[in-house]
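Protein chains: 2
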Amino acid sequence: MTAHPDARRGSGPHSADLLTIGQLADRSGLAASALRYYESLGLIQATRTAGGQRRYTRGTLRRIAFIRAAQRVGLSLDEARVALDRLPERPAPSGTEWSRVAESWQSRIDEQIAELELLKRKLSGCIGCGCLSLTRCALYNAGDRAGAAGPGARYLLTRDPAAGPEPVSPVADALGGPSEGR
Amino acid sequence: MTAHPDARRGSGPHSADLLTIGQLADRSGLAASALRYYESLGLIQATRTAGGQRRYTRGTLRRIAFIRAAQRVGLSLDEARVALDRLPERPAPSGTEWSRVAESWQSRIDEQIAELELLKRKLSGCIGCGCLSLTRCALYNAGDRAGAAGPGARYLLTRDPAAGPEPVSPVADALGGPSEGR
DNA sequence: GTGCAACTTAAAGCCGACTTGAGGTCAAGC
DNA sequence: GCTTGACCTCAAGTCGGCTTTAAGTTGCAC
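Okay, structure coming up:
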């Protein structure tokens with residue numbers, strides 16, 4: 794990135810409706826290197842010019858938006874790829890299909906929110922009051938097994954052991970992944 | 794890690810109120826290696842036996858709970874260290890002191906929740922409806938920054954800082970229809 | 001006093017998501 | 001046809017947060 798603001802590649806040279814990697818970078822907000830990386834992971838594809846340069850269809854922007862949203866929801870790029878693979882690419886995903894995915898993400902977001910709210914309660918109940926009782930404090934006794942879950946936050950405080958249905962596998966399986974494992 | 798459940802080191806041998814690294818590991822849920830790593834970062838300390846083995850006071854558990862909560866809130870270990878350094882260690886932090894910190898975290902948590910809720914709305918408004926309109930879709934045009942904070946949330950949709958008049962419309966045009974090129 | 005689990009250190013490895021660098025090629029505007 | 005910026009590949013580096021490995025030492029029960 795870091796192109797001069799007025800060097801709008803987006804409207805510049807190059808052919809009609811195929812985007813160069815630089816244009817795609819500008820428009821998606823990702824670095825060109827990231828786009829190549831995504832391609833190496835099979836997240837996006839490009840056709841090539843005779844000279845070997847990448848050209849992207851505009852639909853790629855949609856895929857990228859999807860990927861970024863997936864990350865935002867807490868999926869890894871690999872999980873995002875799996876989710877993308879389940880969407881028809883050729884006939885362009887229908888609203889229903891997007892909806893199905895979006896819906897599973899909703900619940901994932903809800904989980905995250907719930908977890909944060911739990912943490913909030915714990916904080917005011919434990920740290921907040923200064924007790925941090927070793928025998929009773931939820932912060933200690935959360936029973937946290939803390940799998941390496943999200944990218945950013947590796948170990949969770951975890952939810953209450955009594956809080957019902959176990960850790961719940963990631964959205965991946967809400968997306969229908971039969972495989973799973975991880 | 795993963796000691797047999799009944800080999801409770803926690804109640805085993807060793808001296809009265811100092812914990813060995815194994816005991817601390819069991820009780821905190823962290824691996825011993827992680828505890829050594831934390832020590833190397835200055836997050837926790839230990840006294841040593843004549844033979845050089847670490848012994849921890851129980852207060853260390855509190856520090857660890859603090860650290861884990863900090864991570865959960867989205868702080869790095871380094872930030873956690875800074876926060877810890879601001880708390881008196883010798884006279885044991887008072888409730889007020891914990892509260893002050895906890896309070897700042899509350900708002901941080903609130904921010905994260907707000908962000909997630911925003912994402913949720915965006916998802917149902919954009920992906921959910923299947924539009925993903927490039928000119929209008931909030932997923933593309935979102936202006937939220939918030940840094941790589943959340944547990945699961947590393948990269949946000951969007952980048953685009955202040956930038957003001959936002960001349961660089963992210964992904965404009967194209968794709969007005971689901972059909973799109975090709 | 002011996003046996004053995006639990007401990008010690010330093011250095012290296014790993015994962016995810018990229019970025020950076022080196023060395024070279026393409027394509028478009030003049 | 002030349003220049004120049006955008007592009008190419010492949011390998012290696014980065015960062016945070018740990019874990020693993022190797023080789024050696026401690027400490028407690030018996």
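These protein sequences, in sequence, are chains A and G. For the first sequence, my numbering assigns the number 794 to the initial residue and increments by one for each residue that follows. For the second sequence, my numbering assigns the number 794 to the initial residue and increments by one for each residue that follows. Yeah, the Cβ is synthetic: ideal placement off N, Cα and C, and Gly gets one too.
{"Query": "DSSP three-state call for G/Arg820: helix, strand or coil?", "Result": "helix"}
{"Query": "For my contact list, G/Arg858 and G/Arg847 are in at a C-beta cut-off of 8 Å; report their separation, rounded to the angstrom.", "Result": "Checking the sequence shown, residue 858 of chain G turns out to be Ala, not Arg. No, G/Ala858 and G/Arg847 are not in contact; Cβ-Cβ is about 19 Å, not under 8 Å."}
{"Query": "At a Cβ threshold of 8 Å, is G/Gln816 touching chain A?", "Result": "no"}
{"Query": "Among G/Gly845, G/Gln864, G/Ser917 and G/Asp903, whose alpha-carbon lies nearest the alpha-carbon of A/Ser897?", "Result": "G/Ser917"}
{"Query": "Between A/Gln838 and chain G, is any beta-carbon pair separated by less than 8 Å?", "Result": "no"}
{"Query": "Return yes when the C-beta of A/Arg893 is under 7 Å from any heavy atom of the ligand ZN, and no when it is not.", "Result": "By its list of ligands, the structure shown contains no ligand whatsoever, and the ligand ZN lies outside what it can speak to."}
{"Query": "Once DSSP output is grouped into helix, strand and coil, what is the label at A/Thr813?", "Result": "coil"}
{"Query": "Out of A/Gly844, A/Ala895, A/Leu811 and A/Glu904, which has the shortest C-alpha to C-alpha gap to A/Ile860?", "Result": "A/Ala895"}
{"Query": "Go ahead and label A/Thr850 buried or exposed: buried means 16 or more other beta carbons lie within 10 angstroms of its beta carbon, across all protein chains shown.", "Result": "buried"}
{"Query": "Kindly list the residues whose CB is nearer than 7 Å to the CB of G/Ser821, restricted to its own chain and excluding five residues on each side of it in sequence; keep chain order.", "Result": "Leu854 and Ile857"}
{"Query": "Please report how far the alpha carbon of G/Leu812 lies from the alpha carbon of A/Asp878, in whole angstroms.", "Result": "50 Å"}
{"Query": "What is the DSSP secondary structure of G/Arg855, counted as helix, strand or coil?", "Result": "helix"}
{"Query": "By Cβ distance, which residues of its chain are closer than 8 Å to G/Arg841, with the 5 residues on each side in sequence left out?", "Result": "Arg847 and Arg848"}
{"Query": "What do you reckon, are the CB atoms on A/Leu870 and A/Leu834 nearer than 8 Å?", "Result": "yes"}
{"Query": "For a test of the three-state rule: what should DSSP assign to G/Arg847, helix, strand or coil?", "Result": "strand"}
{"Query": "What is the rounded straight-line gap between the Cα of G/Val866 and the Cα of A/Ser826?", "Result": "30 Å"}
{"Query": "Return no unless some Cβ of chain G is closer than 8 Å to the Cβ of A/Thr813.", "Result": "no"}
{"Query": "A/Ile837 to A/Thr889, Cα distance in whole Å?", "Result": "22 Å"}
{"Query": "With 16 other CB atoms within 10 Å as the buried threshold, where does A/Gly852 fall?", "Result": "buried"}
{"Query": "Would you decide whether A/Arg901 is buried or exposed? Buried here means 16 or more other CB atoms lie within 10 Å of its CB.", "Result": "buried"}
{"Query": "How far does the alpha helix (DSSP H) with A/Ser833 in it extend, from its first residue to its last?", "Result": "Ala825 to Ser833"}
{"Query": "With 8 Å set as the bound, which would you pick, yes or no: does the beta-carbon of G/Leu912 sit closer than that to a beta-carbon of chain A?", "Result": "yes"}
{"Query": "Strictly under 8 Å for the Cβ-Cβ distance: is A/Leu909 near chain G by that measure?", "Result": "yes"}
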